[in-house]
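Mapping of the sequence shown onto my numbering: position 84 corresponds to residue 1509, and the numbering continues sequentially without gaps. Every residue gets a Cβ at the ideal spot worked out from N, C-alpha and C, and that includes glycine.
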Amino acid sequence: MACANWLHSSAIPHAVLPFFYHRSNLLSSNFRRLHRFTSTTRFMSSRSSHQAAAAHAQAKRGFSVKEDEVASPADLYFEAPLNIVEYPDPILRAKNKRIDTFDENLKKLVDEMFNVMYRTDGIGLSAPQVGVNVQLMVFNPVGVRGEGEEIVLVNPRVNKYSKKAVLFNEGCLSFPGIYADVMRPESVKIDAQDISGERFAVDLAELPARVFQHEFDHLQGILFFDRMSEEVLDGIWTELQALEKKYEDKTGLQSPERIDTRQRRKAAAGFGKSRLQTEASLKSSGFE
Ligand SMILES: [Zn+2]
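This is the structure in structure tokens:
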């Protein structure tokens, strides 16, 4: 996830950020302290509640994780320095395998991911974004080496999303220069393994919850524009097309996906109608 825009638009006090801990036994007291701060996040209005329900429903796509295929040493192979994979490279849509080997190679990969994250002014990075299709993410909500806390999550899972959703301006290192609003649940309960393979559970809110969900989406092959409203998407349409052209010029290959085809496909499939039906059923079940 890209950094600059967070700092400009979110205006979340830096003082909040050190209170994010990745150990559940440290969390309870500090989590209460985190909640004492007033977020400047733009909370949803009642007008956007339908969109929130849709965001919630979309978020739940990653909710139940089946037992994934385990990554082989070849899947975990990388060469330093790592480079950021940009949209529309198909690596970003490929399946990401589960990690069950917690060795020196994994530690080196994590180190290199932090290196490239700081170098590119990021605050979060998933392994597929550096061309390694495994269930691994790193982040530091401060985005500065030596400040905040470096978080490593291996094989993360979401156990619960908050009903409340919030709109927030996001950037993504795989979409250089593009920033737009995305609706997501405000908080999440997750569990994951650490760099040694030890599993732990934690509740995330505010900026850490936002960064986690963005990176968790990457691990499911979901990109942030997949979650944008049609109105928001209209605003970055030409920039997405420019990235598609850049990919074609660079590789000599046809772009594996196109934002304009996506729109036509949706219209042809009656996307708008099915989305409304989904929202209605969510509302009637008290999901909001
Ligand atoms: Zn991203």
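Within 8 Å, strictly: CB atoms of residue i and residue j
i            : j            : result
residue 1649 : residue 1595 : yes
residue 1682 : residue 1551 : no
residue 1559 : residue 1522 : yes
residue 1614 : residue 1588 : no
residue 1426 : residue 1548 : yes
residue 1632 : residue 1566 : yes
residue 1507 : residue 1537 : yes
residue 1374 : residue 1620 : A question about residue 1374 goes unanswered here, because the residues of the chain that appear run from 1426 up to 1713.
residue 1599 : residue 1495 : no
residue 1535 : residue 1563 : yes
residue 1647 : residue 1665 : no
Buried or exposed by the 16-neighbour rule on C-beta atoms within 10 Å, applied to residue i
i            : result
residue 1375 : Nothing can be reported for residue 1375: it is not among the residues displayed for the chain, which extend from 1426 to 1713.
residue 1555 : buried
residue 1569 : exposed
residue 1605 : buried
residue 1553 : buried
residue 1505 : exposed
residue 1674 : exposed
residue 1502 : exposed
residue 1617 : buried
residue 1463 : For residue 1463, the predicted structure reports a pLDDT of 27, less than 50, and the residue's modelled location is therefore unreliable. A value from the coordinates is still provided. Answer is exposed; the Cβ neighbour count stays below 16.
Nearest residue (CA-CA) to residue i, options the options
i            : options                   : result
residue 1634 : 1656, 1654, 1646 and 1608 : 1608
residue 1500 : 1582, 1530, 1541 and 1584 : 1530
residue 1668 : 1546, 1680 and 1543       : 1680
residue 1581 : 1622, 1557, 1593 and 1597 : 1622
residue 1574 : 1616, 1645, 1511 and 1543 : 1543
residue 1597 : 1672, 1545, 1535 and 1654 : 1545
residue 1678 : 1504, 1514 and 1498       : 1514
residue 1593 : 1612, 1579, 1601 and 1665 : 1612
residue 1557 : 1626, 1572, 1524 and 1583 : 1524
residue 1643 : 1625, 1657 and 1512       : 1512
residue 1645 : 1687, 1497, 1540 and 1519 : 1519
residue 1591 : 1685, 1630 and 1626       : 1630
residue 1526 : 1672, 1498, 1659 and 1687 : 1498
residue 1687 : 1539, 1601 and 1655       : 1655
residue 1493 : 1659, 1579, 1610 and 1539 : 1579
residue 1671 : 1572, 1541, 1601 and 1539 : 1601
Local conformation of residue i per DSSP, three classes
i            : result
residue 1506 : coil
residue 1570 : coil
residue 1561 : strand
residue 1683 : coil
residue 1529 : helix
residue 1466 : Any reading at residue 1466 must be qualified, since the residue scores a pLDDT of 33, below 50, and its modelled position is unreliable; the value itself is stated next. It is coil, neither helix nor strand.
residue 1538 : helix
residue 1670 : helix
residue 1665 : helix
residue 1611 : coil
residue 1576 : strand
residue 1471 : Low local confidence applies: a pLDDT of 37 at residue 1471 is under 50, so the model's placement there is unreliable, with the coordinate-based value given in what follows. Residue 1471: helix per DSSP, three-state reduction.
residue 1520 : coil
residue 1451 : For residue 1451, the predicted structure reports a pLDDT of 34, less than 50, and the residue's modelled location is therefore unreliable. A value from the coordinates is still provided. Helix.
residue 1487 : Because residue 1487 sits at a pLDDT of 49, beneath the cut-off of 50, its placement in the model cannot be relied upon, and the point is left open.
residue 1632 : helix
residue 1552 : helix
residue 1675 : helix
residue 1512 : coil
residue 1649 : helix
residue 1606 : strand
residue 1616 : strand
residue 1598 : coil
residue 1622 : coil
CB contact below 8 Å: residue i versus chain B
i            : result
residue 1600 : Given the protein chain composition of this structure (a single chain), no chain B is represented.
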